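1363 is the number that my numbering gives the last residue of the sequence shown; the numbers go up by one with no jumps. Using N, Cα and C, we set each Cβ at its ideal position, and we do this for glycine too. Computed from a predicted structure; not experimentally measured. See below for the structure under consideration.
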Amino acid sequence: VGFTTLLQKTDLNDQQGQFVGLIKSAGENLLNIVNDILDISKIEAGMLHFDKNPFSIRELCYSVEMMFYHYATEKKLSLEWIIDNNVPEIVTGDKERLTQILNNLVNNALKFTDKGSIAVRVSVVEFKEQVVVLRLSVKDTGVGIQPEKLETIFERFEQAEANTTKKYGGTGLGLSIVKKLVTMQGGSVLAKSDPGAGAEFIIDIPF
1157 VGFTTLLQKT DLNDQQGQFV GLIKSAGENL LNIVNDILDI SKIEAGMLHF
1207 DKNPFSIREL CYSVEMMFYH YATEKKLSLE WIIDNNVPEI VTGDKERLTQ
1257 ILNNLVNNAL KFTDKGSIAV RVSVVEFKEQ VVVLRLSVKD TGVGIQPEKL
1307 ETIFERFEQA EANTTKKYGG TGLGLSIVKK LVTMQGGSVL AKSDPGAGAE
1357 FIIDIPF
């Protein structure tokens, strides 16, 4: 992947540029597969540990938004982020794992949406002593999920349709990892969908 990036900066004709782009894309897909398998292995072996450090929710959301800005622009999709005013400026928890959860959900929403928008909202469910339960909602106007699949979509290697991998790529591990990362931190995850009109994933997680 690194060398394809260097190669893209050299003088290439159109066909060579296209081939290098395909190599880079395939390399990145393989990297994602390896990372997903490593994560699921760590989780199932009980080797995954969570940090407890202070971080800014707003800064985290901004960095994830910037990560997907060009992807959304290329697909001509609106990517909207809403953070309620009562969301604390700083919380204590695992910033990297929350980033991973949001990355998975936003990437899925963009991947399965061809027109319309993706809306990400962060709100407060409750304040309890020194704990705040945050709700992260990722809602899209994409292909949606059939009702019978909503219960199994978080299982390993499970995807909404039989041809999803062929059409959209991926391993079927992303949502399984999301659910495990959320529940291991004392949170919950819910999927809602109107087939053909989009899906919404709702994460409640304490910090």
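Distance from the CA atom of residue 1306 to the CA atom of residue 1349, rounded to whole angstroms, is 8 Å. Looking at the DSSP output, residue 1176 bridges to nothing. DSSP lists 1274 as the beta-bridge partner residues of residue 1235. In terms of CA proximity to residue 1187, 1157 leads the group 1157, 1255, 1269. In the structure shown, residue 1158 adopts helical secondary structure according to DSSP, grouped into three states.
Residue 1206 carries a coil assignment under DSSP once its states are collapsed to helix, strand and coil. With a beta-carbon spacing of about 6 Å, residue 1255 and residue 1220 fall inside the 8 Å limit used to define contacts. In this structure, DSSP gives residue 1330 a helical state, which the three-state scheme calls helix.
With distances taken between CA atoms, residue 1248 lies nearest to 1341 out of 1336, 1222, 1359, 1341. Between the stretch 1173 to 1185 and the stretch 1296 to 1312, the count of C-beta pairs closer than 8 Å stays below three; the two stretches do not touch. In this model, residue 1202 and residue 1293 are separated by some 27 Å (Cα to Cα). By the neighbour-count criterion, in which a residue is buried when 16 or more other Cβ atoms sit within 10 angstroms of its Cβ, residue 1250 is buried. Approximately 30 Å separates the beta-carbon atoms of residue 1233 and residue 1194; this is outside 8 Å, ruling out the contact. Secondary structure of residue 1301 (DSSP, three-state): coil.
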